[in-house]
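Number of protein chains: 2
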Amino acid sequence: MKFSPLLSELVSALTCLPGVGNKSAQRMAFHLLERNREGALKLSSVLHNAMEHIRHCSRCRTFTEQPVCDICQHPQRQDSGLLCIVESPQDVLAIEQTSTFNGTYFVLMGHLSPIDGIGPQEIGLDELEQRFRSESIQEVILATNPTVEGEATAHYIAQLCNKYHIEASRIAHGVPVGGELEYIDGNTLTHAFSGRRKL
Amino acid sequence: MKFSPLLSELVSALTCLPGVGNKSAQRMAFHLLERNREGALKLSSVLHNAMEHIRHCSRCRTFTEQPVCDICQHPQRQDSGLLCIVESPQDVLAIEQTSTFNGTYFVLMGHLSPIDGIGPQEIGLDELEQRFRSESIQEVILATNPTVEGEATAHYIAQLCNKYHIEASRIAHGVPVGGELEYIDGNTLTHAFSGRRKL
Ligand SMILES: [Zn+2]
Ligand SMILES: [Zn+2]
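Going down the list, the sequences are from chains R and D.
Positions 1 to 199 (UniProt numbering) are the ones given, in order, by the first sequence.
Positions 1 to 199 (UniProt numbering) are the ones given, in order, by the second sequence.
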């Protein structure tokens with residue numbers, strides 16, 4: 001932009017946001033300059049703080065600015081004996097929003113993918129084994145994604161649980177509540193049938 | 001977010017961006033933390049600089065971090081005797097991208113809207129008159145939007161030009177190049193007919 005190199009820089013910096021191309025970045029830059037400089041300054045400072053201070057919880061590996069996150073520090077959750085294993089912090093958030101789970105988590109930050117050089121160590125399984133050894137865990141709930149890699153990862157961790165005589169379970173896959181049968185893909189339908197329960 | 005108040009703060013700060021609701025802000029925050037902390041830190045610093053340093057050009061009122069923008073400082077543009085009047089800096093950008101205009105601009109930062117208390121002074125018309133007096137302007141091109149307010153503003157400024165014996169012209173409105181007649185709204189079609197030229 002001839003009239004403001006700094007504005008060009010701002011537009012280009014905004015494209016680091018996912019789903020934001022040049023055109024929306026332009027719209028955002030003008031909007032902030034014209035109508036919300038205060039919000040933009042606030043965003044600038046929070047962005048900086050978040051990137052500098054948010055690391056991984058030393059216990060469950062989710063994102064947190066504390067050494068150990070609040071979920072891991074919660075006494076009742078620690079005593080529950082339930083450990084839920086997920087692929088990402090977003091999954092923790094999704095589960096927390098349902099308020100159905102009251103145990104602790106372990107976040108793999110990915111899944112096993114030998115072809116990409118992601119083995120057990122890269123997804124923190126030695127740290128997980130450490131927890132198996134030091135905590136009294138009754139049940140491990142495997143909530144990895146229902147993808148090929150997610151299933152393989154769940155299977156691998158289930159074997160690990162076996163070694164430590166810890167019960168392992170997999171979350172149920174099937175027809176989503178409110179979903180219409182005719183629109184569900186075949187794979188999910190197969191899961192729904194094989195996972196059927198007596199009424 | 002129980003596991004990270006700072007992450008909640010980041011999500012909420014990101015919603016200052018136009019078109020970004022809670023859900024996309026969440027997606028953005030996780031994306032930056034997981035995959036692009038460097039880009040986020042860069043964005044934080046550019047945002048801060050832009051909001052602190054980008055003000056209005058003292059001559060044309062467009063956004064710039066200099067006292068007078070590069071367009072206004074350009075000798076050939078100054079000598080052109082052409083002054084284009086637009087409502088916003090985005091309009092300057094759109095016109096500059098076509099490379100069809102080689103004069104200078106005046107940015108109203110809005111349009112006349114008596115009902116909202118926006119009169120001639122609020123859109124900088126005394127500064128504009130100052131330029132009419134001090135510069136040798138041959139023609140003022142009125143490129144305000146083809147809305148009721150934009151037309152009224154163009155009309156008002158045309159009268160001002162008249163007072164200073166400066167020629168005023170209005171950009172043509174009609175069927176967009178490549179546009180199909182059947183999809184053009186009636187108002188535009190009316191403009192296209194009344195603005196017809198002999199071939
Ligand atoms: Zn934790
Ligand atoms: Zn200027």
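Just so you know, even glycine gets a beta-carbon here, dropped at the ideal spot from N, CA and C.
Check whether residue i and residue j have beta carbons under 8 angstroms apart
i	j	result
R/L82	R/Q130	no
D/L47	R/S44	yes
D/F63	D/H53	no
R/G178	R/T188	no
D/R77	D/I71	yes
D/F3	R/V92	yes
R/T153	R/H111	yes
R/L108	R/E127	no
D/L125	D/L181	no
D/N49	R/L32	no
D/S113	D/E149	yes
D/F132	D/Y164	yes
Extent of the continuous beta strand (DSSP E) run through residue i
i	result
R/I141	E139 to L142
D/V175	Run containing D/V175: none; DSSP gives neither H nor E here.
D/V86	L82 to V86
Under 7 angstroms from the C-beta of residue i: neighbouring residues of chain R
i	result
D/P89	F30
D/V46	E9, L10 and A13
Neighbouring residues, chain R, relative to residue i (Cβ below 9 angstroms)
i	result
D/I71	K2 and F3
D/L33	A50, M51, I54, F63 and P89
Selected residue, minimal CA-CA separation from residue i, among the options
i	options	result
R/A40	R/L14, R/N22 and R/F106	R/L14
R/D79	R/N102, R/E149 and R/Q66	R/N102
R/Q73	R/C161, R/T144, R/D126 and R/Y105	R/Y105
D/I157	D/P146, D/H165, D/L142 and D/I171	D/L142
D/E122	D/R61, D/V20 and D/I171	D/R61
D/P146	D/G117, D/E9, D/I171 and D/R133	D/I171
R/N36	D/M28, D/S24, D/M51 and D/R27	D/M51
D/K42	R/P176, R/E9 and R/K198	R/E9
R/A29	D/V11, D/Q90, D/F30 and D/M1	D/Q90
R/I95	D/P176, D/I118, D/T98 and D/M1	D/M1
D/P176	D/A168, D/D185 and D/S169	D/D185
D/R27	R/K23, R/E34, R/S134 and R/G19	R/G19
D/I166	D/S194, D/G195 and D/E135	D/E135
D/A25	D/H155, D/V11 and D/E34	D/V11
Neighbouring residues, chain D, relative to residue i (Cβ below 8 angstroms)
i	result
R/R37	M51
Within chain D, partners of residue i - CB distance below 7 angstroms
i	result
R/T64	F3 and S4
R/R27	P18
Start and end residues, alpha helix (DSSP H) containing residue i
i	result
R/T15	Premise fails: R/T15 is in no alpha helix (DSSP H) and is neither H nor E.
D/K42	R37 to H53
R/G150	V148 to K163
R/S194	G186 to S194
D/E122	No alpha helix (DSSP H) contains D/E122, which DSSP labels as neither H nor E.
Where residue i meets chain D, residues with beta-carbon distance less than 9 angstroms
i	result
R/E96	M1, K2 and F3
R/I85	Per Cβ cutoff of 9 angstroms: no residues; R/I85 is ~15 angstroms from chain D at best.
R/L41	L47, H48, M51 and E52
Neighbouring residues, chain R, relative to residue i (Cβ below 8 angstroms)
i	result
D/V92	F3
D/C57	F3
Legend entry - Closer than 6 angstroms: residues whose CB approaches a heavy atom of ligand 3: What this structure holds is ligand 1 and ligand 2, not ligand 3.
Inset, instruction - Write down every uninterrupted run of the alpha helix (DSSP H) in the region 57 to 111 of chain D whose length is 4 residues or greater and which is fully enclosed by it, in chain order. - result: For the region 57 to 111 of chain D, whole alpha helix (DSSP H) runs of length 4 or above, ordered along the chain, are 70 to 73, 75 to 79 and 89 to 98.
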